[in-house]
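As structure tokens, the structure follows; a few thoughts come after it.
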Amino acid sequence: MNKVNPLIVSDQLARRQWLSRLFKHFCTGVTFLAVAILGVLIFQVSVAGFGWLDWQFLTSFPSRFPERAGIYSALVGTLWLVTLTASLAIPIGVLAAIYLEEYAPKNRFTAFIEVNIANLAGVPSIVYGILGLAVFVRFMGLERSVLAGAMTMSLLVMPVIIIAAKEAIRAVPSSLRQAAFAVGATRWQVVRHHVLPSAIPGILTGVILALSRAIGETAPLIMIGALTYVAFVPEGPLDEFTALPIQIFNWTARPQETFHELAAGGIIVLLAILLLMNATAVYIRYRGSKR
Amino acid sequence: MTEYNSILKADALTIAYAGAPAVRAVTLPIYEKKITAIIGPSGCGKSTLLRSFNRMNDFVADVSHEGQIRYRDQDLYAPEVDPVEVRLRIGMVFQKANPFPKSIFRNVAWGPEINGMDGDINLRVETALRQAALWDEVSSRLDDSALNLSGGQQQRLCIARALAMEPEVILMDEPCSALDPVSTAHIEDLLFELKEKFTIVIVTHNMQQAARVSDFTAFMEMGHLVEYGETDQVFTRPTETRTEEYVTGRFG
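Chains as they are written, first to last, in my numbering: chain A, 619 to 909; chain B, -18 to 233.
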């Protein structure tokens, strides 16, 4: 029997520690690679498009002459689209999540529904475009309106909102619900005063993810026939519209280099809107966690 | 025992989860303004029995009841009984302190408010906090988050939250199991004061605690009520050998 000094690192432990360090460096490397690629993309876009960013670019309609062209109609169209999509998809999605988590019996039927919501989140966006074209544009006669676009987008992002909201609601500890029930609360009072306030940060993360997707999606809008050249802004939900990704797509498809730079400018504006939305979410979460 | 008034009574009560009985044909009276302790090894059904007294088992999927629980003369599980009404009369304190992530004041005030109880809410909160022996420690910081309190204070806050509803019965599910001995002693002292006004049913793992605080003790094993009687008698002259083995620490 040889005495083992526990403080001397054995070869076997040294190998395990080496593996542990290797894994850490690997993860770090992969993370920085992802960030670096994003950085290069943003850098390229900025170099190309930054020169075009000015008030005139934001407030002008598209034009055949690059120096007069702007994104006004696309910007307003995107804001319409996101606002309408949010006001349709958020209430329906969150209420569906509340129903599934708090009210629905746990049986085969609800399990079937939940599996299919998860499947819907993976359906390609062009399929939603086809559905929107058939149902909203043609059958319901909404034409190529911003409302038809928003309804299509709502279908597209609703599964994401439902899944995120469900996870957030499920994460609320059941001890909190029991505490509230034990002082004679109804289910609605428990949901309203305890479950929702605790779940809001998580729900918000899902909502922002979903709306970010809605802002960037192009395919379903092309499918339902959003216009590519619009010299007016929608004044109501039934007006025709265009949106930023469509305008960007349109510009990048042209042969002239100047229009590619305009597209880069449009991308910067799109990214700025996304950042602004994320910042809002972070702020609301921060306020929520302080309480 | 007949000179006491029974306020709650389980009558041939069987509770099953997905068909598997957790409580089997238990008949047990709970006497008014007394402390009744339910003891027994883990999984003996004591928590299940306790939770059936204010219908907290309703939230468990696939639970079924046979027999009756009578609150005064009303069957608690009769179809016309609203469980929310039951929980107004029969409050509960849980194993792990579960204050709302709100201020100390809101924790106590929320129950009375949502139930539209009238009277001065500030007074009601103060009374409940005094009854729970917490007022002196928190009176200067009622707007602080309840989550900043110590574990023992949080549990007394949960007791105050239950008291603010002015229930007749308070059910306590191992209220001291997560607390240190000092906080435990605090809560045990509190129980003696509370039984002047309230009926208390306490589930506990701790036999010394049952012997110290309770007037009546029920010993359960594998869903059966093995023995029930005055605490003195159960601990010193148990009629069943299983009870004797358990209270003397030979198993459990």
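Glycine included, C-beta positions come from ideal geometry on N, C-alpha and C.
Since the model is a prediction, treat every value here as computed from it, not as a measurement.
Is DSSP giving residue i helix, strand or coil here?
i: A/M619; result: Note on A/M619: pLDDT 49, under 50, position unreliable in the model; the coordinate value appears next. Correct three-state label for A/M619: coil.
i: B/K(-10); result: strand
i: A/I866; result: helix
i: B/Y12; result: strand
i: B/G230; result: coil
i: A/V790; result: coil
i: B/S158; result: coil
i: A/M776; result: helix
i: B/G210; result: strand
i: B/G21; result: coil
i: A/T846; result: coil
i: B/I71; result: strand
Given that a residue counts as buried once 16 or more other Cβ atoms are within 10 Å of its Cβ, and exposed if not, what is residue i?
i: A/M776; result: buried
i: A/K724; result: exposed
i: B/C157; result: buried
i: A/W806; result: exposed
i: B/N79; result: buried
i: B/N(-14); result: exposed
i: B/R231; result: exposed
i: A/L617; result: No information on residue 617 of chain A is available, as it lies outside the stretch 619 to 909 that chain A covers here.
i: A/W673; result: exposed
i: B/D154; result: buried
i: A/I735; result: buried
i: A/A782; result: buried
i: B/F173; result: exposed
i: A/M619; result: Residue placement at A/M619 is poorly supported in this model, since its pLDDT is 49, which falls under 50; the coordinates still yield a value, given next. Result: exposed.
i: A/Q630; result: exposed
i: A/P709; result: exposed
i: A/V694; result: buried
i: A/F754; result: buried
i: B/L115; result: buried
i: A/P791; result: exposed
Chain B partners of residue i, CB-CB under 8 Å?
i: A/A797; result: F75, N79, P80, F81, C139, R142
i: A/S681; result: None at all; the shortest Cβ gap to chain B is about 55 Å.
i: A/S830; result: Here the premise fails: no neighbours, minimum Cβ distance about 29 Å.
Can you list the residues of chain A that residue i reaches, using a CB-CB cut of under 7 Å?
i: B/V65; result: G802, T804
i: B/G92; result: V801, G802
i: B/M203; result: Those do not exist, as B/M203 stays about 26 Å from chain A at its closest Cβ, beyond 7 Å.
What does residue i reach in chain B if we use C-beta pairs closer than 7 Å?
i: A/K724; result: A42
i: A/S705; result: Simply none; closest approach about 29 Å.
i: A/S793; result: F75, K77, N79
Are the beta-carbon atoms of residue i and residue j separated by less than 9 Å?
i: B/H167; j: B/R137; result: yes
i: B/V65; j: B/M201; result: no
i: B/S33; j: B/L57; result: yes
i: A/A882; j: A/W670; result: yes
i: A/W698; j: A/A768; result: yes
i: B/A192; j: B/V228; result: yes
i: A/G820; j: A/E785; result: yes
i: A/V813; j: A/I787; result: yes
i: B/L160; j: B/G72; result: no
Please identify the residue among the options whose C-alpha is closest to the C-alpha of residue i.
i: B/E149; options: B/E(-16), B/K15, B/G0; result: B/K15
i: B/L171; options: B/H205, B/G133, B/N187, B/H186; result: B/G133
i: B/L104; options: B/K178, B/V67, B/L9, B/M146; result: B/M146
i: A/E685; options: A/L693, A/G667, A/A729; result: A/G667
i: B/S195; options: B/Y209, B/H205, B/M203; result: B/Y209
i: A/E732; options: A/P742, A/S743, A/I716, A/V745; result: A/I716
i: B/V89; options: B/Y52, B/L(-6), B/I140; result: B/I140
i: A/I818; options: A/P742, A/A766, A/I902, A/R831; result: A/I902
i: B/A3; options: B/Y12, B/R142, B/L30, B/I19; result: B/L30
What residues of chain A sit near residue i, judged by a beta carbon separation below 9 Å?
i: B/I95; result: A798, V801, G802, A803, T804, Q807, H811
i: B/G0; result: Within chain A, no residue comes near B/G0; the closest Cβ sits about 16 Å away, beyond 9 Å.
i: B/G72; result: A800, V801, G802
i: B/L9; result: Here the premise fails: no neighbours, minimum Cβ distance about 21 Å.
At a CB-CB cut-off below 8 Å, which residues of chain A make contact with residue i?
i: B/R5; result: By Cβ distance, chain A contributes nothing, its closest Cβ being about 25 Å from B/R5, past 8 Å.
i: B/R68; result: F799, A800, V801, G802
i: B/M37; result: Q796, F799, A800
i: B/M146; result: V801, G802
At a Cβ threshold of 9 Å, is residue i touching chain D?
i: A/L718; result: In the structure shown, chain D does not exist; the protein chains are A and B.
Residue i touches chain B at which residues, Cβ-Cβ below 9 Å?
i: A/S816; result: P82
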